[in-house]
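Remarks on the structure that follows.
There are 2 protein chains.
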Amino acid sequence: MNPLILNLGESSLFKGYTIGELERVFSSIHYRMEKYPLGCLVRSRGSVHDELLILLDGSAVAEMQDQSGKVIRVERLEAPSVLGSAFLFSSDREFPVDLVADDRGSTFLLMSRETVLRLCRNEEKFLLNLLRDIGDRINLLADKLFMLTLGTIKQRLANYLLKLHRSNGRCFELDMSREALADFFGVARPSLSRVFSELVDIGAIATRGRKVEIISVEKLVNILNFER
Amino acid sequence: MNPLILNLGESSLFKGYTIGELERVFSSIHYRMEKYPLGCLVRSRGSVHDELLILLDGSAVAEMQDQSGKVIRVERLEAPSVLGSAFLFSSDREFPVDLVADDRGSTFLLMSRETVLRLCRNEEKFLLNLLRDIGDRINLLADKLFMLTLGTIKQRLANYLLKLHRSNGRCFELDMSREALADFFGVARPSLSRVFSELVDIGAIATRGRKVEIISVEKLVNILNFER
Numbered sequence: 066m067n068p069l070i071l072n073l074g075e076s077s078l079f080k081g082y083t084i085g086e087l088e089r090v091f092s093s094i095h096y097r098m099e100k101y102p103l104g105c106l107v108r109s110r111g112s113v114h115d116e117l118l119i120l121l122d123g124s125a126v127a128e129m130q131d132q133s134g135k136v137i138r139v140e141r142l143e144a145p146s147v148l149g150s151a152f153l154f155s156s157d158r159e160f161p162v163d164l165v166a167d168d169r170g171s172t173f174l175l176m177s178r179e180t181v182l183r184l185c186r187n188e189e190k191f192l193l194n195l196l197r198d199i200g201d202r203i204n205l206l207a208d209k210l211f212m213l214t215l216g217t218i219k220q221r222l223a224n225y226l227l228k229l230h231r232s233n234g235r236c237f238e239l240d241m242s243r244e245a246l247a248d249f250f251g252v253a254r255p256s257l258s259r260v261f262s263e264l265v266d267i268g269a270i271a272t273r274g275r276k277v278e279i280i281s282v283e284k285l286v287n288i289l290n291f292e293r
Numbered sequence: 066m067n068p069l070i071l072n073l074g075e076s077s078l079f080k081g082y083t084i085g086e087l088e089r090v091f092s093s094i095h096y097r098m099e100k101y102p103l104g105c106l107v108r109s110r111g112s113v114h115d116e117l118l119i120l121l122d123g124s125a126v127a128e129m130q131d132q133s134g135k136v137i138r139v140e141r142l143e144a145p146s147v148l149g150s151a152f153l154f155s156s157d158r159e160f161p162v163d164l165v166a167d168d169r170g171s172t173f174l175l176m177s178r179e180t181v182l183r184l185c186r187n188e189e190k191f192l193l194n195l196l197r198d199i200g201d202r203i204n205l206l207a208d209k210l211f212m213l214t215l216g217t218i219k220q221r222l223a224n225y226l227l228k229l230h231r232s233n234g235r236c237f238e239l240d241m242s243r244e245a246l247a248d249f250f251g252v253a254r255p256s257l258s259r260v261f262s263e264l265v266d267i268g269a270i271a272t273r274g275r276k277v278e279i280i281s282v283e284k285l286v287n288i289l290n291f292e293r
């Protein structure tokens, strides 16, 4: 068995699997490995998606282009990462993004839809992991979409901080890096930093690295209600 | 067996099931029914989500509130509709919306997570239907999100029309009503109608009801490239 398989124990789909269990599973199913050099297009957007991809080693980026050719980076993936688990069984089965290798040699494990279905039926742990993985993705998308329906960046950040405040109390650590957060809000990082500073300046919050203290809930709610 | 169960044959989860098969499945699993009067809150956003809901009869609306209390209608559902299939297995398992009955008596069928898992393992058709249902939802969300990253309504509409043009040729019917389309773009219907008229006025498209003819691809691409 390829030793990279053992990395799967860290992936969302094989969470909770011991080395022995991974060996048992992967000695009984069909799969293959593909290795891509830096900058190589692994899958193109719109291509037929009939295999599950798991990034086992290296990194990759997911990109999208609008009709005018503008490239938007959707996500950067580090091994181990599962790709397109949700799209594999959708009606049109089109690969949703351009996937580009972003390391000297990014290695993917590929499994057919049939193999994934067989695992679902025979391995309850795998089935639960797959459904959790897809559910978490849809959660993230739905949150992001809801965020974008809010008006300004300042309102998005206020809404987000109030949500963390509600579940964690007055002091908490951000659950994402500033970079991931900027991406989540659909804005550039400097714009987000500026808004953080504004919130500090008006006395709504205090920050130290990832740590945030909510100083005035009222000021944050006012931003949501009245600023346009 | 409750005769409403037979409506399930029309739902995404039991697509392809004959009446006989539905009788077989529902005589061997646990489920219950709940009936709600008009305007009644069926599930609140953030409540623990541990049962699959299927709207069997009537209609319902899914709503969200931002922190300031502004209500946003996410979706209107007509029976038969499956609700929250993707969230049922996600890590936090919070119900993502406020769900409100929107008919004289909306009837829901409820199934525990355990029952859903058992069906997945014993019924390959159900498993495929569930994964397809979730995959299609995530597709729709991803499309909508991508759309919102585009600048103006005019650019969103141009991008959308170019996509339909690519897959259907010069003449096609819109795959959604104007109302659903406005919702998809995150704008009010009159704003969308205004933009449709603009595109007709500049000679980019011609319309008749849902039918659209692309007159000038170049003009649509220019909108994407240069208008801000």
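Protein chains in written order, with the working numbering: chain S, 66 to 293; chain R, 66 to 293.
Yeah, the Cβ is synthetic: ideal placement off N, Cα and C, and Gly gets one too.
Burial state of residue i, where buried means 16 or more other Cβ atoms lie within 10 Å
i	result
Arg293 (chain R)	Reliability of the predicted coordinates at Arg293 (chain R) is poor, the pLDDT of 44 falling under 50, and the value obtained from them is presented with this limitation in mind. Burial call: exposed.
Arg108 (chain R)	buried
Lys219 (chain R)	buried
Val277 (chain R)	buried
Asp266 (chain R)	exposed
Arg273 (chain S)	exposed
Arg202 (chain S)	buried
Leu73 (chain S)	buried
Glu189 (chain S)	exposed
Gly200 (chain R)	buried
Met241 (chain S)	exposed
Leu106 (chain R)	exposed
Ile84 (chain R)	exposed
Arg231 (chain R)	exposed
Met66 (chain R)	exposed
Arg221 (chain R)	buried
Ala125 (chain S)	buried
Ala127 (chain R)	buried
Under 7 Å from the C-beta of residue i: neighbouring residues of chain R
i	result
Ala207 (chain S)	Pro161 and Leu206
Reference residue i, options the options, closest by Cα
i	options	result
Phe173 (chain R)	R:Glu140, R:Arg273, R:Gly274 and R:Gly123	R:Gly123
Ser355 (chain R)	R:Lys100, R:Leu184 and R:Asn204	Outside the shown range of chain R (66 to 293) lies residue 355 (chain R), about which nothing can therefore be said.
Val286 (chain S)	S:Ser256, S:Leu239, S:Ala223 and S:Phe249	S:Ala223
Leu196 (chain R)	S:His114, S:Ser76, S:Leu142 and S:Phe154	S:Phe154
Ala166 (chain R)	R:Ser156, R:Asn187 and R:Glu140	R:Glu140
Val181 (chain R)	R:Ser258, R:Leu71 and R:Ala151	R:Ala151
Ile137 (chain R)	R:Asp248, R:Ala271, R:Leu289 and R:Glu263	R:Asp248
Phe237 (chain R)	R:Glu244, R:Leu192 and R:Arg275	R:Arg275
Tyr96 (chain S)	S:Thr83, S:Ala125 and S:Leu117	S:Leu117
Arg235 (chain R)	R:Tyr225, R:Val282, R:Asp157 and R:Ser76	R:Val282
Asn194 (chain S)	S:Pro68, S:Asn233, S:Met129 and S:Phe79	S:Phe79
Pro102 (chain S)	S:Asn67, S:Leu164, S:Glu75 and S:Gly81	S:Leu164
Arg178 (chain R)	S:Leu226, S:Leu175 and S:Leu192	S:Leu192
Glu263 (chain S)	S:Asn204, S:Gly251, S:Leu246 and S:Ile288	S:Ile288
Ser112 (chain S)	S:Leu227, S:Glu159 and S:Glu244	S:Glu159
Ser156 (chain R)	S:Ile119, S:His114, S:Asn204 and S:Met129	S:Asn204
Asp115 (chain R)	R:Pro161, R:Asn187 and R:Asn233	R:Pro161
Ser76 (chain R)	R:Phe250, R:Ala144, R:Pro255 and R:Arg259	R:Ala144
Arg110 (chain S)	R:Arg89, R:Asp208, R:Arg259 and R:Thr217	R:Asp208
Thr217 (chain S)	S:Arg89, S:Val147 and S:Phe250	S:Phe250
Asp198 (chain S)	S:Ile280, S:Asn187, S:Ile119 and S:Arg259	S:Ile119
Gly104 (chain S)	S:Ile279, S:Ala253 and S:Asp168	S:Asp168
Leu142 (chain R)	R:Leu239, R:Ala245 and R:Met98	R:Ala245
Within chain R, the residues that residue i reaches when beta carbons sit closer than 8 Å
i	result
Ile203 (chain S)	Ala151, Phe152, Ser155, Ile199, Arg202, Ile203 and Leu206
Leu193 (chain S)	Phe154 and Leu182
Within chain S, partners of residue i - CB distance below 7 Å
i	result
Met129 (chain R)	Phe211
Glu283 (chain R)	Those do not exist, as Glu283 (chain R) stays about 12 Å from chain S at its closest Cβ, beyond 7 Å.
Cys185 (chain R)	Cys185 and Leu192
Leu222 (chain R)	Near Leu222 (chain R) there are no residues of chain S at all, since even the closest Cβ is about 12 Å away, more than 7 Å.
Leu175 (chain R)	Under the 7 Å cutoff, chain S gives no residues; its nearest Cβ is about 18 Å from Leu175 (chain R).
Val196 (chain R)	Correcting the residue type first, residue 196 (chain R) is Leu in the shown sequence and not Val. Under the 7 Å cutoff, chain S gives Phe154.
Cβ-Cβ separation, residue j to residue i (assumed contact under 8 Å), whole Å
i	j	result
Gly149 (chain R)	Lys100 (chain R)	About 19 Å; that fails the 8 Å criterion.
Leu121 (chain S)	Leu69 (chain S)	5 Å
Leu206 (chain R)	Leu229 (chain S)	Not confirmed; about 23 Å, so no contact.
Arg243 (chain S)	Leu226 (chain S)	In fact, because the Cβ distance is near 13 Å, the residues do not count as touching under 8 Å.
Ala271 (chain R)	Lys284 (chain R)	Not a contact, Cβ separation roughly 12 Å.
Phe211 (chain R)	Met129 (chain S)	6 Å
Arg186 (chain R)	Arg186 (chain S)	5 Å
Residues that residue i contacts on chain S, provided the C-beta gap is smaller than 8 Å
i	result
Glu189 (chain R)	Leu182 and Arg186
| task | Check each residue of the region 66-84 of chain S: if its Cβ is closer than 8 Å to any Cβ of chain R, include it; give the result in chain order. | result | Correct list: empty, as no residue qualifies.
| query | Residues in the region 259-271 of chain R with C-beta within 9 Å of chain S's C-beta atoms, listed in sequence order? | reply | If the cut-off is 9 Å between Cβ atoms, the region 259-271 of chain R has nothing near chain S.
| What residues in the region 96-123 of chain R have a beta carbon less than 7 Å from any beta carbon of chain S? | Listed by position along the chain: nothing, the set is empty.
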